[in-house]
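For the record, in the sequence shown the residue sitting at position 67 is 50 according to the numbering used here, with numbers rising by one throughout. Every residue, glycine too, gets a C-beta built ideally from N, C-alpha and C. Below you'll find the structure, written out as structure tokens, and then a few comments.
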Amino acid sequence: MNALLDRFRLDGKTAIVTGAARGLGRAIALGLAEAGANVALVDILACEETAVAIRDRGCRCYTFAADLAAFDPEAASALLGGIAKALAEPEILVNNAGIIRRAPAIDHGWQEWQETLAIDLSAAFLLSQAFARRRLAAGQPGKIVNVASMLSFQGGALVPAYTAAKSGLAGLTRALANEWARHGINVNAIAPGYMATELTAALRDDPERGRAMLGRIPAGRWGEPEDLQGAVVFLCSDAAEYVHGTVLPIDGGWLSW
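Structure follows, in structure tokens:
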């Protein structure tokens, strides 16, 4: 056995992944399972395909249906309690769920603004709060990883609510890390670059814009959801014990251009 490599293992730990039915969330959940974690999958969509893949890897898995757009503190607390009963007390929380609505700022709908902020930012805060309350009450450490974005650093175009939410999520990551690091709760974020998922389909399907964006990525390709797995496993592991408040870009070099 290699003591250093063992620090990256998540054997026996219980992780929560929101937005786990497909895309980035599905890949993250599978990566955590590959490292040995049992996983609670939270989504408004059916997660059975992800659940089967996790069980095939020898890990336990439960799915929990939740509409994060309608979340409040009581719902967050109830979800954490339900996961603890079904699996075990969660030690890892990955706030991945997110939506994006595209429209010029002058035409952006109020309902779309509220839904985006509710799912992409407020739900992450409520779940982190409920998670930390349980960890602090038990005197136990924990790991929180938020899924930020390139638009946590940049303004983007035609996505004002998404940019506001993801910029807020980066700030929230640092704020929570400042409060909870001394209690052994690591709060960090990853910032995926332009990934080949449903959220970027409109960009990739636009011949002119898609070609221009791809040409700006030094790695020369769109990211794949699996590109996130190593970073998330690291941030959720004992190997990241002294990493607090970071927002780690996984972008093929986009921000360095």
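Asked	Found
Within this structure, are the beta carbons of Glu74 and Arg40 separated by less than 8 Å?	no
For a test of the three-state rule: what should DSSP assign to Pro232, helix, strand or coil?	strand
Have a look at Gln97, Ala(-14), Ala58 and Asp221 and flag the residue whose alpha-carbon is nearest the alpha-carbon of Gly81.	Gln97
May I ask you to list the residues that DSSP assigns as paired with Asn129?	Asn78 and Ala172
For the beta strand (DSSP E) holding Tyr45, just list the boundary residues, first then last.	Cys44 to Ala48
For Gly235, count the other beta carbons within 10 Å of its own beta carbon; 16 or more makes it buried, fewer makes it exposed. Which is it?	buried
Under 6 Å Cβ to Cβ from Leu182, same chain only, skipping five residues before and after it: list those, please.	Ile83
Since I believe Val216 is in contact with Phe(-9) (beta carbons under 8 Å), could you give me their beta-carbon distance rounded to a whole number of angstroms?	6 Å
Hey, would you say Phe114 sits closer than 8 Å to Leu70, going by beta carbons?	no
Buried or exposed, going by whether 16 or more other CB atoms sit within 10 Å of the CB of Val212?	Checking the sequence, you will find Gln at residue 212 rather than Val. Gln212 comes out buried.
Taking the alpha carbon of Thr46 as the point to measure from, which residue in Ile11, Trp93, Ala222 and Leu28 has its own alpha carbon closest?	Leu28
Assuming Gly206 contacts Gly167 under a Cβ cut-off of 8 Å, what Cβ separation, rounded to an integer in Å, is found between them?	The pair is not a contact, with the Cβ atoms about 31 Å apart (cut-off 8 Å).
So within the region 167 to 224, which uninterrupted beta strand (DSSP E) runs reach at least 3 residues, ignoring any that extend past its ends?	168 to 175
For the beta strand (DSSP E) that Asn161 lies in, which residues bound it at each end?	Careful: Asn161 lies outside any beta strand (DSSP E), inside the alpha helix (DSSP H) at Pro143 to Trp163.
For Lys149, I'd like the list of residues in its chain whose CB is within less than 6 Å of its CB, leaving aside the five on either flank, ordered along the chain.	Ala131, Ser132, Leu134 and Ser135
For Gly193 and Pro201, I'd like the C-alpha separation in whole angstroms.	15 Å
Enumerate in chain order the residues of its own chain whose CB-to-CB distance from Pro143 is below 6 Å, with the five nearest sequence positions on each side excluded.	Ala88 and His91
Using beta-carbon positions only, say whether Ala12 and Thr(-3) come within less than 8 Å of one another.	no
Write down every uninterrupted run of the beta strand (DSSP E) in the region -4 to 28 whose length is 3 residues or greater and which is fully enclosed by it, in chain order.	-3 to 1 and 21 to 26
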